[in-house]
Amino acid sequence: MAPQCSSGEGNGEILDNDVLKNTSLDKELMGDDTYLRLRRITDNILKQAARDNAELAQLIDESVDQVLQNTNLSEKLQRMFRKCMLNTITTTLVQKEDDSAFLFTGDIPAMWLRDSGGQLRVFLNLEDPSGKLHDAIGAVIRQQFRYILLDPYTNAFNFAADGNCWSAIDRSERQNPWSWERKYELDSLCFPVELAYFYWKQTKRTDLFDGDFLAAVKELIRVFRVEQHHEEQSEYFFIRDNGIEQDTLPNEGRGTKVGYTGMIWSGFRPSDDACEYGYLLPANMFAVVILGYLQEIVAAFYPDEEELLVTITAIRAEVQAGIEKFGIVEHPTYGDIYAYEVDGLGNYNIMDDTGVPSLLSLPYIKYCEIDDPIYQNTRRFSLSMDNRYYFEGKAAKGLGSPHTPPGYVWHMGLAIQGLTSTDANECQELLALFETTDAGTDLTHEGFLADDPNVYTREWFSWSNSIFCEFILKEVGKLKL
Numbered sequence: 000m001a002p003q004c005s006s007g008e009g010n011g012e013i014l015d016n017d018v019l020k021n022t023s024l025d026k027e028l029m030g031d032d033t034y035l036r037l038r039r040i041t042d043n044i045l046k047q048a049a050r051d052n053a054e055l056a057q058l059i060d061e062s063v064d065q066v067l068q069n070t071n072l073s074e075k076l077q078r079m080f081r082k083c084m085l086n087t088i089t090t091t092l093v094q095k096e097d098d099s100a101f102l103f104t105g106d107i108p109a110m111w112l113r114d115s116g117g118q119l120r121v122f123l124n125l126e127d128p129s130g131k132l133h134d135a136i137g138a139v140i141r142q143q144f145r146y147i148l149l150d151p152y153t154n155a156f157n158f159a160a161d162g163n164c165w166s167a168i169d170r171s172e173r174q175n176p177w178s179w180e181r182k183y184e185l186d187s188l189c190f191p192v193e194l195a196y197f198y199w200k201q202t203k204r205t206d207l208f209d210g211d212f213l214a215a216v217k218e219l220i221r222v223f224r225v226e227q228h229h230e231e232q233s234e235y236f237f238i239r240d241n242g243i244e245q246d247t248l249p250n251e252g253r254g255t256k257v258g259y260t261g262m263i264w265s266g267f268r269p270s271d272d273a274c275e276y277g278y279l280l281p282a283n284m285f286a287v288v289i290l291g292y293l294q295e296i297v298a299a300f301y302p303d304e305e306e307l308l309v310t311i312t313a314i315r316a317e318v319q320a321g322i323e324k325f326g327i328v329e330h331p332t333y334g335d336i337y338a339y340e341v342d343g344l345g346n347y348n349i350m351d352d353t354g355v356p357s358l359l360s361l362p363y364i365k366y367c368e369i370d371d372p373i374y375q376n377t378r379r380f381s382l383s384m385d386n387r388y389y390f391e392g393k394a395a396k397g398l399g400s401p402h403t404p405p406g407y408v409w410h411m412g413l414a415i416q417g418l419t420s421t422d423a424n425e426c427q428e429l430l431a432l433f434e435t436t437d438a439g440t441d442l443t444h445e446g447f448l449a450d451d452p453n454v455y456t457r458e459w460f461s462w463s464n465s466i467f468c469e470f471i472l473k474e475v476g477k478l479k480l
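Here the sequence shown is numbered in numbering that gives the first Met the number 0, starting from 0 and rising by one per residue.
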């Protein structure tokens, strides 16, 4: 039998607070014992994060004051911006005893490689004369790359090697007590590289680029090579027998059949839902971008790694060629657009999902310019009722996801729409939507019902808060990345 994760143990008392209301800790799905155990862990996170980061929170608060000087934002949006900026630092960042730090996703007591990158990107737009904010970001990046060395197929990790996990019934070809969930997602390996690259460019610090970083990059590149040939070379599988189709991979956990395209196979999407077809176009586009970043990093800091640089360059070219050959389809209304997923056997999936990287987010992840013709065609499709995950209701309209119920719009999708728009009227409409769809919390959520924003998922979703803040920085002219 394949390895399985344990149920783990948690310590501490449950706080009498409301922070886990409407979150991803589903009592009915998990059962009473697991739910209570994870609530204990999460409540302890809140205590430690608040205790550890009071000084950082003060620095962020002062930076927010500077950002908001002489702006035309409403009082409501200013209040939301401040609260969302502080949310990550005061509720999810925990300093470790070594030179690393752990960044919880929010209402789930684990660190996602993807989310942690997205949570911190916004902070690299701020001035940091003391260097303490940059110290904290660097500590998280070190933790990300150490996790990649532990298991590049794990998407979310534990604070300690305690065996805690999302589901004790998961089966995969390997498991370790650090792994909270082992859904292999190509984008999870891209976000840490993006954050490290932006960190270098914005701070000019180079201490991250040590032996551990190089070893993690080599492991990442090894996985990319293997998953270009998933059918022939990969040992990865993932099975979760919980009756939820998008939580497991078909074909004995191997995913639907694929043919060679040059692209890199992914088992799951950024939403943590299973891919319908294994070549996820937005993730492969993101891989092209970060492979370019790695070319620059390896050339600058590891000049003796000539073979590694050749391999990175080759994979990047192969993935890009695969995107161009297999990833563009002709739509009767929008012309040439990017497919969301393909299998290299003639099948493709036309849709878009809020989770970044999405097709809507391509300029945000630096794959193309906003005015790129195929992107513009794709954007018009993504933000239309022809995309089955775009929803309109009495209170809002926007991009949703199969990860949440039909009719739910995601705040993350609204922020990405704003970040990829050059239309001032469109951006003003989006700002107005943020003002009226937060259910009075001054925070963003995962998905909310387009007819009634008081019905929502995930009250505590740090990554969504951070992307909203990036949109605000764009609107006040202070977005650097």
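Ideal Cβ positions, reconstructed from N, Cα and C, are used throughout, including at glycine.
The model shown is predicted, which means the values in this text are computed figures rather than measured ones.
Remark: C-beta atoms of V257 and L344 approach each other more closely than 8 angstroms.
Note on geometry: alpha-carbon atoms of I369 and L358 lie some 12 angstroms from one another. When rounded, the separation of the alpha-carbon atoms in F433 and G210 is 44 angstroms. A Cβ-Cβ separation of about 7 angstroms places L382 in contact with Q416 under the 8 angstroms criterion. About 10 angstroms separates the Cβ atoms of I336 and N386, ruling out a contact at the 8 angstroms cut-off. Membership of G446 in the beta strand (DSSP E) is indicated by the continuous run 446-448.
If you ignore the 5 residues before and after M350, its C-beta comes within less than 7 angstroms of the C-beta of Y339, N386, R387, Y388, all in its own chain and listed in chain order. Residue pairing of R170 in beta bridges, as defined by DSSP: I238.
Contact between Q142 and F208 fails: their C-beta atoms lie close to 16 angstroms from each other, not under 8 angstroms. Classified as exposed, K203 has fewer than 16 neighbouring CB atoms from the shown chains inside 10 Å of its CB. Taking every protein chain shown into account, the CB of T353 has 16 or more other CB atoms within 10 angstroms, so this residue is buried.
Here the C-alpha atom of V63 lies approximately 11 angstroms from the C-alpha atom of N124. In the three-state reduction of the DSSP assignment, G210 falls in the helix class, which pools H, G and I.
Listed in chain order, the non-local C-beta contacts of T403 below 8 angstroms within the same chain comprise W409, E445, G446, T456, local neighbours out to five positions each way being set aside.
Taken in chain order, the unbroken stretches of alpha helix (DSSP H) that lie wholly in the stretch 68-126 and span 4 residues or more are 74-90, 112-120. Taking I168 as the centre and dropping the five residues before and after it, the same chain places the C-beta of Q3, R239, D240, N241 closer than 8 angstroms to its C-beta, in chain order. Going by DSSP, N250 is part of the alpha helix (DSSP H) stretching over 249-252. DSSP places E391 in the strand class (E or B) of the three-state scheme. Within the same chain, and ignoring the five residues on either side of F122 in sequence, the residues whose Cβ sits closer than 7 angstroms to its Cβ are L132, I136.
Selection H228, A449, N154 evaluated against E391 yields A449 as nearest (Cα-Cα).
Contact annotation, F144 with P108: C-beta distance approximately 21 angstroms; criterion of less than 8 angstroms not satisfied. T87 has its alpha-carbon roughly 28 angstroms from the corresponding atom of E425.
When DSSP states are grouped into helix, strand and coil, D60 belongs to the helix group. For H330, the enclosing beta strand (DSSP E) begins and ends at 327-330. An exposed status is given to S73, since fewer than 16 other beta-carbon atoms sit within 10 Å of its beta-carbon.
Annotation: W177 to W199 spans about 28 angstroms, alpha carbon to alpha carbon. T90 and N464 have their C-alpha atoms roughly 12 angstroms apart.
The Cβ-Cβ distance between D271 and N154 falls below 8 angstroms.
Here G334 carries a strand assignment [DSSP, helix/strand/coil]. For N453, the uninterrupted beta strand (DSSP E) run begins and ends at 451-455, by DSSP.
Counting only runs of 3+ residues, the beta strand (DSSP E) found wholly inside the stretch 127-211 occupies 178-180, in chain order.
Residue state for N376 is assigned as helix, using DSSP reduced to three classes. Residue state for W462 is assigned as helix, using DSSP reduced to three classes. About 11 angstroms separates the Cβ atoms of A414 and E474, ruling out a contact at the 8 angstroms cut-off.
When DSSP reads this structure, K396 sits in a beta bridge with E391. No Cβ-Cβ contact shorter than 8 angstroms links L280 with R268.
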